[in-house]
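Protein chains: 2
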Amino acid sequence: MVSNLYIGLVHHPIYDRRKEVVATAVTNFDIHDIARCARTFGIGGFFVITPLESQIQLVERILCHWREGAGSVYNPTRKESLSLVRVTRTIDEADQAISGLWQKRAKKVATGASPHRESVSFEFFRELLEDRDTPYFILFGTGWGLTKEVKDDSDYVLAPIEGKGYNHLSVRSAVAIILDRLLGNRINSSE
Amino acid sequence: MVSNLYIGLVHHPIYDRRKEVVATAVTNFDIHDIARCARTFGIGGFFVITPLESQIQLVERILCHWREGAGSVYNPTRKESLSLVRVTRTIDEADQAISGLWQKRAKKVATGASPHRESVSFEFFRELLEDRDTPYFILFGTGWGLTKEVKDDSDYVLAPIEGKGYNHLSVRSAVAIILDRLLGNRINSSE
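Chains as they are written, first to last, in this note's numbering: chain R, 1 to 191; chain Y, 1001 to 1191.
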């Protein structure tokens, strides 16, 4: 069954530590870790979103190494997970790719470490995903997180992962936990 | 409340891709990501286990930078999470540190990506942790995983994270998901 959940890892527009809007550099570990999570939980696709030409080329080089180059022979499981990755210049470009594939507008779900006035629970989102005719596009911010505009422009904002007074997980850990909460546990019993 | 769960990230003895027993190099991202998870979920401590002198020095240098050096000023939340980290040469040395602190033998719990004959469920382990008088030491393997001997020597082996026919998560993602399954969700309602 084709998954109706897609991941976007946003490198622009996001905040830096002074809450200025910037474009962050791509982190190699993000691509690998998130692609492996995406493959584990059967995600439809993983979009690395960056407008910077140098970063686009970096991602393409990494993908080429593991999907076609020496890496694909050295570690075929990495080839398998990285086959889910695409690079786009903007959130919109990724959004249009998903919406085009489904012939239906994808619903955007923003995430963040801080509480949000109108956030939805994991349980609520998990139930939404059961509507298999609608694609969902979940956005994760790098740096100091997604901008207010990206959140305002999303259909939903997901509740933060609550810790014991500490909300500074890496985006890699946040993706792992959120995908497990949305798609984990029931995997074996549902299919 | 002091947590009774401790994490060990094992760099030796573990398997390499040919199932030979080796010592892996320490990965900087592992230390940061796992320490941040440990702090988020209120873990008692995080032991980086490596017998290699060069790797011990590398970890100490990273810890020093973020706990006392320029990093502690640049990013105080990192100082907070990395304060949970200690380096030991062996699993036993970490085990003894925990058991000494608690004046009681810590129970060891091994993890792995493959099914194990006698593995315990996440729910079972979650209930075990409610016995607040007993410390538990959960071990994660780097490379191709913990050796058979380490698993045999543990009190329990935890069930693997089940994916859709793909079990190749990074150890960072596995730690994040497992801690959330053991200590997440209920954090807000229980305290």
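Just so it is clear, CB atoms sit at the ideal spot from N, CA and C, and this is done for glycine as well.
The structure presented is a predicted model; accordingly, all values stated were derived computationally and were not measured.
So, helix, strand or coil for residue i, using DSSP?
{"i": "R1036(Y)", "result": "helix"}
{"i": "K254(R)", "result": "Absent from the structure is residue 254(R), since the part of chain R shown begins at 1 and ends at 191."}
{"i": "W1137(Y)", "result": "One point to set straight first is that residue 1137(Y) is Phe, not Trp, in the sequence displayed. Three-state DSSP puts F1137(Y) in a strand."}
{"i": "L1052(Y)", "result": "coil"}
{"i": "I187(R)", "result": "Model confidence at I187(R) stands at a pLDDT of 36, short of 50, so the residue's coordinates are unreliable; what they give is reported in the following sentence. Here I187(R) sits in helix by DSSP."}
{"i": "H1168(Y)", "result": "coil"}
{"i": "W1144(Y)", "result": "coil"}
{"i": "H1065(Y)", "result": "helix"}
{"i": "P13(R)", "result": "coil"}
Is the beta carbon of residue i sitting closer than 7 Å to the one on residue j?
{"i": "L1158(Y)", "j": "F1125(Y)", "result": "yes"}
{"i": "R78(R)", "j": "F47(R)", "result": "no"}
{"i": "S81(R)", "j": "R36(R)", "result": "yes"}
{"i": "A1174(Y)", "j": "F1137(Y)", "result": "no"}
{"i": "W144(R)", "j": "D16(R)", "result": "yes"}
{"i": "R1172(Y)", "j": "F1122(Y)", "result": "no"}
{"i": "G195(R)", "j": "K1164(Y)", "result": "No statement about residue 195(R) is possible, as the shown extent of chain R runs from 1 to 191 and does not include it."}
{"i": "P115(R)", "j": "N4(R)", "result": "no"}
{"i": "K230(R)", "j": "A110(R)", "result": "Limits of chain R in this structure are 1 at one end and 191 at the other, which puts residue 230(R) out of reach."}
{"i": "V1073(Y)", "j": "I1049(Y)", "result": "no"}
{"i": "L1052(Y)", "j": "A1023(Y)", "result": "yes"}
{"i": "A1176(Y)", "j": "A176(R)", "result": "yes"}
{"i": "T142(R)", "j": "I56(R)", "result": "no"}
{"i": "L101(R)", "j": "G8(R)", "result": "no"}
{"i": "V59(R)", "j": "V26(R)", "result": "yes"}
{"i": "D155(R)", "j": "K104(R)", "result": "no"}
{"i": "L1179(Y)", "j": "T40(R)", "result": "no"}
{"i": "G69(R)", "j": "Y6(R)", "result": "no"}
What residue range is occupied by the uninterrupted beta strand (DSSP E) comprising residue i?
{"i": "V1026(Y)", "result": "Segment: none, V1026(Y) is in no beta strand (DSSP E) and carries neither H nor E."}
{"i": "R7(R)", "result": "According to the sequence displayed, residue 7(R) carries Ile and not Arg. Start and end: 5-10."}
{"i": "I1161(Y)", "result": "I1161(Y) -> no beta strand (DSSP E), and no H or E assigned at all."}
{"i": "I178(R)", "result": "Counting along the chain, I178(R) falls outside any beta strand (DSSP E), though it belongs to the alpha helix (DSSP H) covering 171-183."}
{"i": "I1043(Y)", "result": "Per DSSP, I1043(Y) belongs to no beta strand (DSSP E) and is neither H nor E."}
Need the endpoints of the alpha helix (DSSP H) that residue i sits in, please.
{"i": "K19(R)", "result": "Run containing K19(R): none; DSSP gives neither H nor E here."}
{"i": "D152(R)", "result": "148-152"}
Please list the residues of the region 1007-1033 of chain Y that have a C-beta atom closer than 9 Å to any C-beta atom in chain R, keeping them in chain order. R1017, T1027, F1029, H1032, D1033
Report the residue ranges of all alpha helix (DSSP H) runs contained in full by the region 1068-1135 of chain Y; include only those spanning at least 4 residues, in chain order. 1070-1074, 1076-1082, 1091-1102, 1122-1128
Contact residues within the region 1168-1180 of chain Y, judged by C-beta distance below 7 Å to chain R: H1168, L1169, S1170, R1172, S1173, A1176, I1177, D1180
Contact residues within the region 33-53 of chain R, judged by C-beta distance below 7 Å to chain Y: D33, R36, C37, R39, T40, F41, G42
Determine which residues of the region 137-165 of chain R have a Cβ less than 9 Å from any Cβ of chain Y, and write them out in chain order. I161, E162, G163, K164, G165
Can you give me, in chain order, the residues of the region 103-124 of chain R that have a beta carbon less than 8 Å from any beta carbon in chain Y? none
May I ask you to list, following chain order, the residues of the region 1080-1097 of chain Y that have a beta carbon less than 8 Å from some beta carbon of chain R? E1080, S1081
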